[in-house]
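Using numbering that gives the first Met the number 0, the letters of the sequence shown map in sequence onto residues 0 to 240. Even for Gly, the Cβ is constructed at its ideal location relative to N, Cα and C.
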Amino acid sequence: MKERLDDLIALQNVEIEIFKAEEGLRELPKEIEEIDSIIQARKTSLNAVDEEIAALEEKKTPLESELKENQTILDAADARIKKIKTNKEYLALQREIDLAKKRKADIEEQLLTIMDRVEKKGTEKERIQKSFDADRVILDEKKEGLLAQIRELESVVAEYKGKDQKLRKSVDPSLLSKYDRIRQSKKGIAVVECADGVCKGCHMHIPPQLYNELVRGDKMINCPACQRILYISAKPENAEE
Ligand SMILES: [Zn+2]
């Protein structure tokens with residue numbers, strides 16, 4: 000019985016490693032996703048500032064062309080004023096010039112306001128970009144580390160799955176099917192040590208009679224409380240832990 004259980008314990012150890020590695024392979028990609036979403040959020044906020052700057056620049060275009068038209072009007076008026084003959088014509092043209100000048104000042108004021116806002120947005124963008132660049136180094140390193148861990152776990156799984164297949168072939172089929180049945184209901188742990196008459200799976204005392212049978216080691220003993228397959232460690236109990 001002892002040798003048969005040794006194979007089973009070895010199998011269980013391998014399967015626990017596979018389980019742990021697979022758990023890591025489920026969890027680590029979530030951490031990578033988190034990092035990616037942080038990076039994405041930063042990119043989105045940078046894009047938003049870019050869009051605000053572009054919208055402001057767009058507002059400048061019609062104002063700039065109006066300013067040009069206005070200048071044409073002023074230049075034309077300047078040329079005309081020298082040829083004017085009557086006072087009435089002069090006053091009318093002067094009013095036209097005054098209006099154009101007022102409009103020019105108004106447009107220039109608006110352009111200055113826009114340029115001021117563009118500058119402020121530019122400073123804001125620089126600030127976001129700087130902190131993003133600094134964080135990016137850390138985030139990229141963290142992601143690289145997680146990817147390395149994933150590769151490592153993948154190779155662990157591949158290696159242990161190979162071991163698992165071999166071990167499964169070496170275990171007695173009826174024992175293996177009992178092991179699988181218990182394992183499914185007991186979160187992967189089907190074989191547990193019994194130390195000082197206590198099942199290490201459920202921490203219950205097993206009856207002395209059963210414990211004696213276990214010590215004799217001529218048949219398979221299940222814990223009456225949790226049904227797990229029990230074994231006694233080969234080492235003296237007080238030397239462990
Ligand atoms: Zn138990």
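For this session: State the DSSP-derived secondary structure class of Ala-54, mapped to helix, strand or coil.
Result: Three-state DSSP puts Ala-54 in a helix.
Exercise. Along the chain, where does the beta strand (DSSP E) that runs through Val-190 open and close?
Worked result: Its beta strand (DSSP E) spans residues 190 to 194.
For this session: Work out the CA separation of Asp-5 and Cys-193 for me, nearest whole Å.
Result: Rounded to the nearest whole angstrom, the C-alpha separation of Cys-193 and Asp-5 is 14 Å.
Exercise. Would a C-beta distance cut-off of 8 Å place Ile-187 and Tyr-210 closer than the cut-off?
Worked result: Checking the displayed sequence, the identity of residue 187 turns out to be Gly instead of Ile. The answer is no: Cβ separation not under 8 Å.
For this session: May I ask you to report which of helix, strand or coil DSSP gives Ile-228?
Result: DSSP places Ile-228 in strand when its eight states are reduced to three.
Exercise. Given Leu-66, which residues of its chain have a CB within under 6 Å of its CB, disregarding the five upstream and five downstream residues?
Worked result: Counting only Cβ-Cβ distances below 6 Å, and skipping sequence neighbours, we find Ile-106.
Exercise. What do you get for Glu-239, buried or exposed, if any count of 16 or more other CB atoms within 10 angstroms of its CB means buried?
Worked result: In this prediction, Glu-239 scores a pLDDT of 44, lower than 50, which makes its location untrustworthy; no coordinate-derived value is stated.
Exercise. Do you know how far the Cα of Phe-131 is from the Cα of Tyr-159?
Worked result: A direct Cα-to-Cα measurement between Tyr-159 and Phe-131 gives close to 41 Å.
For this session: Would you list the residues whose beta-carbon is nearer than 6 Å to any heavy atom of ligand 1, in the order they occur in the chain?
Result: My final list is Cys-198, Gly-200, Cys-201, Met-203, Cys-222, Ala-224, Cys-225 and Arg-227.
For this session: Please work out which residues of its chain come closer than 8 Å, Cβ to Cβ, to Leu-110, disregarding the five sequence neighbours upstream and downstream, and give them in chain order.
Result: Residues of the same chain with a CB within less than 8 Å of the CB of Leu-110, apart from the 5 flanking positions on each side, are Lys-59, Leu-62, Glu-63 and Leu-66 in chain order.
For this session: State the DSSP-derived secondary structure class of Val-197, mapped to helix, strand or coil.
Result: In the displayed model, Val-197 falls within a strand according to three-state DSSP.
For this session: Decide if the segment 1 to 19 is in contact with the segment 162 to 182; the criterion is three or more beta carbon pairs, one per stretch, under 8 Å apart.
Result: Contact between the segment 1 to 19 and the segment 162 to 182 is present: three or more C-beta pairs spanning the two stretches fall below 8 Å.
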